[in-house]
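Okay, structure first, notes after.
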Amino acid sequence: MEERKKKIVRFGSLFAGIGGMDLGLERAGMECAWQVEIDEYAQKVLQKHWPNVPRWGDIRTFPECRNFFPGVDVVAGGFPCQDISYAGRGAGIDGLRSGLWSEFSRVVRVLRPRVVIVENVPALLARGIDRVLGDLAKSGYDAEWDCLPAAAFGAPHKRDRVFV
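Counting in this note's numbering, the sequence shown runs from 31 upward without gaps.
Below is the structure:
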């Protein structure tokens, strides 16, 4: 009997940080195709752990072209939460930093992955989930979301996170 070659699920990482979500997706059997991260220190950490993965600095200039980076099945990331968080000033999803959701949404519209994973603080449920869900719906995606403690993923604290 002929063995079937298992298809590797590839993901692109937006707002990659130091690669926490990337590590989790790899442990789930996926392969990182590219990362987008603006912070220089975080880029050095990503370079150390993913030396062969293409990287882009600023999501606002991330290519409009589908063929610039390898294709992906999944786009995942946690866009900035500072304007959404209850610890912030409450500017919401249109704030300077959290407003980068619109860039996340643009990348999803251009690349059309099969799956999108969005991570953020629980305050998103009161300060922007309608926008996130609306933008995903306009792009043809259905969504489910849940609030999970970071400790469920091995973090040494209980701090909740929203996953869409």
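Here a beta-carbon is modelled for each residue, glycine too, at the ideal position from N, C-alpha and C.
Asked                                                                                                   : Found
When 110, 189, 178 are compared against residue 157, the one with the closest alpha-carbon              : 110
CB-CB length for residue 45 against residue 108, believed under 8 Å                                     : 6 Å
Validate contact between the segment 130-141 and the segment 68-87 using beta carbons, cut 8 Å, 3 pairs : no
Contact belief for residue 194 with residue 151 at Cβ below 8 Å, rounded distance in angstroms          : In fact, because the Cβ distance is near 12 Å, the residues do not count as touching under 8 Å.
Check whether residue 113 and residue 128 have beta carbons under 8 Å apart                             : yes
Rounded separation between residue 195 and residue 68 - CA only                                         : Summary: the structure shown does not reach residue 195, with the chain confined to residues 31 through 194, and so no result is reported for it.
Given residue 80 as reference, the closest of 42, 92, 91 once Cα atoms are compared                     : 42
Option nearest residue 104 by Cα separation, candidates 53, 186, 62                                     : 62
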